[in-house]
Amino acid sequence: MTAISDPSPAVTDFRRALVDALDTVGDATGRELWCALGRGGVLAAHTAGEDPRADRLRALLTELDARYPLGVVLSVCVQVATALPILLHGPASEHVAGVGAAALRGEAMLALAATDSAASGSDLMDLGTTAVLGEDTVVLDGGKRWITNAGTADHLLVLARHRPQRHFTSFLWVLVPADAPGLTVEPADGSMFAGSGVGHLSFDAVTLGRDHLVGAPGRGLATFSRHIATERLAGGLWAGAMCRRVLTDTRRALADKPLHGATAWDNDAVRQRFARCLVESRRIDALCADVCGGSGGLVDSMVLKASVADSLDRVLGECVQLIGADAFGAGGVARLRAEAAMFGVAGGATGAMLAGVADHADDLLGGPR
Amino acid sequence: MDTRFVTMLRPFLKYAGANEITLDSSLRDLGLDSMQAVELLFAIEDTYQVSLPDELLTDTTFATAGNLWAAIESSGVGAEAGAKLC
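Residue numbers (my numbering), protein chains in the order written: chain A, 6 to 374; chain B, 90 to 175.
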């Protein structure tokens with residue numbers, strides 16, 4: 006991953022194409038947004054080359070966060086940061102390559118189905134969805150839950166096990182058409198994450214040709230790991246953008262809020278609490294830069310993910326307190342904070358990240374392993 | 090085994106200490122868990138610029154140092170590494 010830097014001409018062009026694309030749709034569903042980004046060449050420009058630049062990812066997520074609710078941004082983020090890179094990684098069958106090209110044009114929506122019904126979301130080793138390989142076929146059985154775009158995707162990128170051994174070589178990816186016989190999609194209950202298409206998947210003898218395999222059998226988790234640092238960076242960049250937006254709004258609200266004959270912003274205690282939020286926000290930015298420029302790979306990305314979840318919750322929680330009752334209105338920070346709690350769960354829970362960090366304690370302390 | 094391989098392997102084996110790593114050394118017993126094995130795979134493929142054959146992507150390949158080295162050799166690095174056998 007290349008470092009975040011001052012906008013280059015290429016990034017300036019990217020941002021211009023992005024804004025133009027978004028201006029064509031205004032308020033939009035996840036699908037409308039995905040179509041617009043593809044039609045405007047934004048998706049192709051983002052994935053150009055082997056290593057999408059972090060500053061393009063930051064520009065994309067900052068612009069989306071400013072315009073769309075969390076669920077809609079999530080719908081795009083999952084595809085850009087994880088599903089597309091896995092789909093476009095390495096040699097592919099004609100079918101898989103065709104879906105990848107259609108996705109880049111915005112004509113096909115993707116879902117990434119890793120979290121399994123049979124295991125804790127962070128414990129991929131125990132996932133229970135099976136893929137039985139035949140000479141020409143692959144047969145899927147099992148289930149996935151809390152999958153973004155489950156109800157809206159045209160193709161679902163499903164992580165399954167083709168061997169029983171609890172080892173990273175026991176997994177593969179299968180690209181499942183949304184209309185495949187034996188696939189059932191159930192929308193998630195509750196009112197959170199509007200626009201994300203989140204839902205649960207069930208596979209009952211879903212039978213596909215082997216040209217639906219993405220990458221080689223045995224490389225599923227390795228391919229996922231290759232791209233997980235980008236996914237975690239995307240989370241950090243998005244959280245940083247969210248903090249800046251909410252803090253800007255909160256700062257404005259405090260300046261307008263009467264308090265003891267002045268404004269809330271003039272109160273030293275309020276200013277200190279706000280300053281603490283700024284520090285947390287900058288901590289997210291610094292760790293993102295660390296992941297971009299560092300060589301630690303997975304370890305740095307685990308530190309980033311664990312820290313982002315804590316910092317974001319602290320910033321949004323403090324902003325709820327500072328804004329007061331208005332934070333609970335429609336589109337208020339209280340609702341955003343509840344949904345943003347997913348930063349500590351989706352893609353690996355904070356506890357799992359900290360366990361991984363502990364495994365690399367000596368590396369992080371700079372001493373011998 | 091290639092000395093470069095042993096040097097690359099050792100940081101992943103937290104229980105190896107300064108003990109010799111032999112062909113029969115059990116990587117799991119020496120501390121290699123499955124997720125670290127993913128990172129080891131990346132290190133191997135980046136260091137030797139090879140891709141392990143699909144049929145060798147199994148838990149058996151990652152069971153011992155000797156099995157893993159044999160898989161690397163079968164990927165086409167044997168001739169180059171032959172001069173560095175230890």
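For glycine and all other residues, C-beta sits at the position ideal for the given N, C-alpha and C.
Taking the continuous alpha helix (DSSP H) assigned at Thr-120(A), which residues delimit it? Within the first sequence, the letter at position 115 stands for residue 120(A). Thr-120(A) -> no alpha helix (DSSP H), and no H or E assigned at all.
If you check the beta carbons only, do Leu-369(A) and Ala-246(A) fall under 7 angstroms apart? The residue given as residue 369(A) occupies position 364 in the first sequence. The residue given as residue 246(A) occupies position 241 in the first sequence. No, the pair does not count as a contact, with Cβ atoms beyond the cut-off.
Cutting at 8 angstroms between CB atoms, please list the residues of its own chain near Val-251(A), excluding the five before and the five after it. On the first sequence, residue 251(A) is found 246 positions in, with the first residue counted as 1. If we look at Val-251(A) and ignore the five residues flanking it on each side, its Cβ neighbours are Val-320, Leu-321, Cys-324, Val-338 and Leu-341.
Neighbouring residues, chain B, relative to Met-307(A) (Cβ below 7 angstroms): As a position in the first sequence, residue 307(A) is number 302, starting the count at 1. Near Met-307(A) there are no residues of chain B at all, since even the closest Cβ is about 11 angstroms away, more than 7 angstroms.
DSSP state of Ala-193(A), grouped into three classes? The sequence position of residue 193(A) within the first sequence is 188, counting from 1. DSSP places Ala-193(A) in coil when its eight states are reduced to three.
Give the range of the beta strand (DSSP E) segment to which Trp-178(A) is assigned. By one-based count along the first sequence, residue 178(A) stands at place 173. From DSSP, the beta strand (DSSP E) with Trp-178(A) extends over 176-182.
Tell whether a beta-carbon distance below 7 angstroms holds between Ile-289(A) and Val-313(A). As a working mapping, residue 289(A) is identified with position 284 in the first sequence. As a working mapping, residue 313(A) is identified with position 308 in the first sequence. Against a cut-off of 7 angstroms, the Cβ pair of Val-313(A) and Ile-289(A) comes out as a contact.
Counting only Cβ pairs nearer than 9 angstroms, list the residues of chain A close to Thr-147(B). The sequence position of residue 147(B) within the second sequence is 58, counting from 1. Within 9 angstroms Cβ-Cβ: Arg-168, Gln-170, His-172, Thr-174, Ser-175 and Gly-223.
For the alpha helix (DSSP H) that contains Thr-235(A), what are its first and last residues? Counted from its first residue, the first sequence places residue 235(A) at position 230. Segment 225-261, the alpha helix (DSSP H) holding Thr-235(A).
Would you identify the three-state DSSP class for Phe-208(A), choosing helix, strand or coil? Your numbering for residue 208(A) matches position 203 in the first sequence. Correct three-state label for Phe-208(A): strand.
Could you check where the alpha helix (DSSP H) with Asp-107(A) kicks off and where it finishes? Sequence index remark: in the first sequence, residue 107(A) carries index 102 (1-based). Reading off the sequence, residue 107(A) comes out as Ala, not Asp. It spans 99-109 - the alpha helix (DSSP H) in which Ala-107(A) sits, taken as one unbroken run.
Classify Gly-103(A): buried if its beta carbon has 16 or more other beta carbons within 10 angstroms, exposed otherwise. Position 98 of the first sequence, counted from the start, is the residue given in the question as residue 103(A). With fewer than 16 Cβ atoms within 10 Å of its Cβ, Gly-103(A) is classed as exposed.
Does DSSP put Thr-7(A) in a helix, a strand or coil? Translated into the one-based positions of the first sequence, residue 7(A) becomes position 2. Note that Thr-7(A) scores a pLDDT of 48, beneath 50, so its modelled location is shaky; the value from the coordinates is reported in the next line. Residue state, collapsed to three classes: coil.
Under 7 angstroms between C-beta atoms, does Thr-134(A) make it to chain B? As a first step, residue 134(A) must be located in the first sequence, where it is residue number 129. It does not; no Cβ of chain B falls within 7 angstroms.
If we cut at 7 angstroms on Cβ distances, does Asp-143(B) have a partner in chain A? Reading the second sequence from its first residue, position 54 is the one you call residue 143(B). Chain A contact via Cβ: present.
Of the residues Asp-122(B), Asp-135(B), Pro-142(B) and Ala-159(B), the one placed nearest Tyr-104(B), counting alpha carbons only: In the second sequence, the residue the question calls residue 104(B) occupies position 15. It is Asp-122(B).
Would His-167(A) pass as a contact of Ala-116(A) if the rule is Cβ separation under 7 angstroms? Counted from its first residue, the first sequence places residue 167(A) at position 162. Counted from its first residue, the first sequence places residue 116(A) at position 111. No.
Can you tell me whether DSSP reads Ser-123(B) as helix, strand or coil? By 1-based counting over the second sequence, the position of residue 123(B) is 34. Residue state, collapsed to three classes: helix.
Do the segment 100-114 of chain B and the segment 272-284 of chain A make contact, defined as three or more Cβ pairs closer than 8 angstroms? no
C-beta neighbour in chain A for Val-127(B), strict 7 angstroms: One-based indexing of the second sequence puts residue 127(B) at position 38. It does: the Cβ of Val-127(B) has a partner Cβ on chain A nearer than 7 angstroms.
Is Thr-147(B) closer than 7 angstroms to Thr-228(A) when the C-beta atoms are compared? Along the first sequence, read from residue 1 onward, the residue named residue 228(A) stands at position 223. Along the second sequence, read from residue 1 onward, the residue named residue 147(B) stands at position 58. Their beta carbons are not under 7 angstroms apart, which means Thr-228(A) does not touch Thr-147(B) by this criterion.
Checking 7 angstroms against the spacing of the C-beta atoms, do Gly-202(A) and Ala-155(A) come in under that value? Translated into the one-based positions of the first sequence, residue 202(A) becomes position 197. Translated into the one-based positions of the first sequence, residue 155(A) becomes position 150. Yes, the Cβ-Cβ distance between Gly-202(A) and Ala-155(A) is below 7 angstroms.
Under 7 angstroms between C-beta atoms, does Ala-88(A) make it to chain B? Locating residue 88(A) in the first sequence gives position 83, where the first residue counts as 1. Not closer than 7 angstroms to any Cβ of chain B, the Cβ of Ala-88(A) fails to qualify, so no.
CB Leu-188(A) to CB Val-211(A), shorter than 7 angstroms? As a first step, residue 188(A) is located in the first sequence; it is residue number 183 there, counting from the start. As a first step, residue 211(A) is located in the first sequence; it is residue number 206 there, counting from the start. Cβ atoms of Leu-188(A) and Val-211(A): closer than 7 angstroms.
Same chain, Cβ closer than 6 angstroms to Met-197(A), five either side skipped, listed in chain order: In the first sequence, residue 197(A) corresponds to position 192, counting from 1. Excluding positions up to five away in sequence, the list reads Glu-344.
Can you round the beta-carbon distance between Leu-180(A) and Val-101(A) to whole angstroms, since I take them to be within the 8 angstroms contact cut? Locating residue 180(A) in the first sequence gives position 175, counting from the first residue. Locating residue 101(A) in the first sequence gives position 96, counting from the first residue. Sure, about 6 angstroms apart at Cβ, within 8 angstroms.
Taking the straight line between their C-alpha atoms, what separation do you get for Thr-153(A) and Asp-91(B)? Along the first sequence, read from residue 1 onward, the residue named residue 153(A) stands at position 148. Along the second sequence, read from residue 1 onward, the residue named residue 91(B) stands at position 2. Distance between the alpha carbons of Thr-153(A) and Asp-91(B) is about 46 angstroms.
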